[in-house]
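A.B. asks: I'd like to ask you about the structure that follows.
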Ligand code: SF4
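Numbering (the working numbering), first residue to last: 154 to 456.
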């Protein structure tokens, strides 16, 4: 375990909070189809989809994706255009390309399997420390802490009652882990943060309220200024992110000339459309074929 940078006052609070969370864990459990699965690829896909998309919007695309690509190798062999079509509606489509790139590495270097160590997982495209820890824990039972924005809020409020620096948040999450059943414990922390310790916390109904330091001591909410806690996102409507998604959807049914694309997205200024199509080209999500724009890989299916 890494050297812990936290004051003894915080460390003393860990055993009672750990016990309270374990007692509450079954009641906290959300009904999500990937929880408790014994399929590393299914868990890997869920974690990539959940990176920037809310849980409710992920369930159906996750089912469709896995029934089309039930293994890393099936995904690795698919044309990128088909993977992008399946991704439609999830947003941040660069993740779809990274997922296929990761599947190709799994096929080439890991015998078609998801690797189990954090070091190998972070070497894959689109996989950061959070996703690597989540897959290592939930798919392989590795004893690693899963620190996302939900867990970050719980730690800052219930245990520290002050904003945490990045190293402190990671150390605290690690120090809080029990010796056994760490995947269940990580899941319970995520469930608590996703349902009770939300941005506007539901403290009155919270099952670990008796062990919550912020509840006992009061003061300003420490979560918004704490490490690992995300800030509110800019509005989606009208954003470049939304327009990039519309461009990809317009190309879902086949290649279009720049002129036809501009006609389909008539409400977008021409210079902005050029900038955004150039970004998608640079990201490798679209390419040019016979003076028309197409989803990357569509040329692989048209022959
Ligand atoms: S009592 Fe409130 S602040 Fe404390 S852990 Fe529960 S929801 Fe979060």
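By construction, the Cβ of each residue, glycine as well, lies at the ideal position given by its N, Cα and C atoms.
(1) How is the alpha helix (DSSP H) around residue 290 delimited, first residue to last?
(2) Using 7 Å as the threshold, is the C-beta distance between residue 240 and residue 246 below it?
(3) Considering only their Cβ atoms, is the gap separating residue 253 from residue 236 smaller than 7 Å?
(4) With contact counted as at least three CB pairs below 8 Å, one residue from each stretch, are the region 376-383 and the region 293-308 in contact?
(5) Can you name the start and end residues of the alpha helix (DSSP H) that residue 494 belongs to?
(6) In its own chain, which residues sit with a C-beta less than 8 Å from the C-beta of residue 206, not counting the 5 before and 5 after it?
(7) So, is residue 323 buried or exposed, given that buried needs 16 or more other C-beta atoms within 10 angstroms?
(8) So what's residue 397 in DSSP terms, helix, strand or just coil?
(9) Across the region 266-273 and the region 175-195, are there enough close Cβ pairs to call them in contact, namely three or more that are closer than 8 Å?
(10) Give the DSSP-derived three-state secondary structure of residue 447 in the structure shown.
(11) Helix, strand or coil for residue 437, going by three-state DSSP, please let me know.
(12) Is there contact here, the region 408-417 with the region 432-447, by at least three beta-carbon pairs under 8 Å?
(13) Are the CB atoms of residue 329 and residue 167 within a distance shorter than 7 Å?
(14) Taking the C-alpha atoms as reference points, what is the distance between residue 532 and residue 336?
(15) Evaluate residue 354 with the Cβ neighbour count: other Cβ atoms within 10 Å of its Cβ, from every protein chain shown; 16 or more gives buried, anything less gives exposed.
C.D. replies: Taking the structure as given:
(1) 282-293
(2) yes
(3) yes
(4) yes
(5) Here the chain comprises residues numbered 154 to 456, so residue 494 is not present and cannot be evaluated.
(6) 243, 244, 245
(7) buried
(8) DSSP places residue 397 in helix when its eight states are reduced to three.
(9) yes
(10) strand
(11) coil
(12) Three or more Cβ pairs closer than 8 Å define a contact, and the region 408-417 meets that threshold against the region 432-447.
(13) yes
(14) No statement about residue 532 is possible, as the shown extent of the chain runs from 154 to 456 and does not include it.
(15) buried
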